[in-house]
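Below is one structure, written out as structure tokens; the observations come after it.
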Amino acid sequence: REIVAIVGPSGCGKTTLLRCVDGLLPHDAGEIRVGDQRVEEPIAGVAMVFQHFGLFPWKTVYENVAYGLRMAGASKADIERKVPEFIKMVGLAGFELAFPYQMSGGMQQRCGLARALALEPSVLLMDEPFAAVDAMTRATLQSELLRIWRELELSVVFITHNIDEAVFLAEEIVVMS
């Protein structure tokens with residue numbers, strides 16, 4: 238139930254490590270565990286927020302947020318209940334029918350965050366999620382992340398190049414070289 242930031246120079250393996258933790262890439266040695274479960278492939282309870290939003294341009298906010306739930310086999314009733322809840326949680330209520338091209342970068346990142354949160358993970362992996370937004374939006378999103386983290390009691394692994402961001406958000410900071 239902590240936020241752990243991972244910082245380091247470009248090319249040192251931060252994103253690769255995060256993708257191994259998510260089970261998207263195999264690891265060469267050692268062992269990765271989330272709780273008691275060994276990670277060899279994507280596992281339930283872990284969700285990823287990508288640096289470049291990862292939104293489908295032909296889907297609305299509602300459809301983008303619902304996508305992960307559909308892939309996880311959630312019922313139509315669960316999707317109809319959860320999607321509006323998480324859209325509201327990230328501050329996108331009223332934009333359910335908007336397409337990504339109609340939204341700012343910060344709004345797109347909130348949509349990607351809502352999609353991950355809708356899976357109700359215990360571990361949220363975030364790969365430089367605020368790198369593509371302006372300084373004011375970044376500060377707002379950082380505060381929103383802390384609010385959501387407190388509300389949902391998540392464990393968060395947060396990749397960043399920004400030392401100030403790591404110090405502001407994280408209880409633990411891992412430095413890679």
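Counting in the numbering used here, the sequence shown runs from 238 upward without gaps. All residues carry an ideal CB built from backbone N, CA and C; glycine is no exception.
Leaving out the 5 sequence neighbours to the left and right, which residues in its chain are closer than 8 Å to residue i when beta-carbon positions are compared?
{"i": "LEU378", "result": "GLY343, GLN346, ARG347, PRO366, PHE367, VAL370"}
{"i": "ARG415", "result": "In the structure displayed, the chain extends from 238 to 414; residue 415 sits before or after that span and is not available."}
Might you give, ordered along the chain, the residues of its own chain that have their beta carbon closer than 7 Å to the beta carbon of residue i, omitting 5 neighbours on each side?
{"i": "THR397", "result": "ALA242, VAL244, GLU365, ALA403"}
{"i": "VAL412", "result": "VAL244, GLY245"}
{"i": "LEU255", "result": "LEU362, ASP364, VAL394, ILE396"}
{"i": "LEU262", "result": "THR253, ARG256"}
{"i": "ARG352", "result": "ASN301, VAL302, TYR304, GLY305"}
Have a look at the options and flag the residue whose alpha-carbon is nearest the alpha-carbon of residue i.
{"i": "PRO196", "options": "LEU354, HIS289, TRP295", "result": "Past the boundaries of the shown model lies residue 196; the chain is included only from 238 to 414, so the question cannot be answered."}
{"i": "LEU391", "options": "ALA303, LEU262, TYR299, LEU356", "result": "LEU356"}
{"i": "LEU306", "options": "VAL298, GLU239, ILE316, THR297", "result": "ILE316"}
{"i": "ILE385", "options": "GLU408, GLU409, PHE323, MET373", "result": "PHE323"}
{"i": "ASN301", "options": "PHE336, LYS325, GLN274", "result": "PHE336"}
{"i": "ALA376", "options": "ARG387, GLU388, ASP401, ARG275", "result": "ASP401"}
{"i": "GLN339", "options": "ALA284, ALA266, GLN274, THR297", "result": "THR297"}
{"i": "VAL276", "options": "ILE240, VAL360, PHE332, SER380", "result": "VAL360"}
Can you find the residues in the same chain that come closer than 6 Å, C-beta to C-beta, to residue i, ignoring five residues on each side of it along the sequence?
{"i": "LEU350", "result": "VAL286, VAL327"}
{"i": "GLU278", "result": "GLY260"}
Should residue i go down as buried or exposed, given a rule of 16 or more other Cβ atoms within 10 Å for buried?
{"i": "PRO294", "result": "exposed"}
{"i": "GLY260", "result": "buried"}
{"i": "TYR299", "result": "buried"}
{"i": "LEU334", "result": "exposed"}
{"i": "LYS325", "result": "exposed"}
{"i": "ALA330", "result": "exposed"}
Assuming residue i contacts residue j under a Cβ cut-off of 8 Å, what Cβ separation, rounded to an integer in Å, is found between them?
{"i": "PRO358", "j": "GLY282", "result": "5 Å"}
{"i": "SER414", "j": "CYS257", "result": "Not a contact, Cβ separation roughly 18 Å."}
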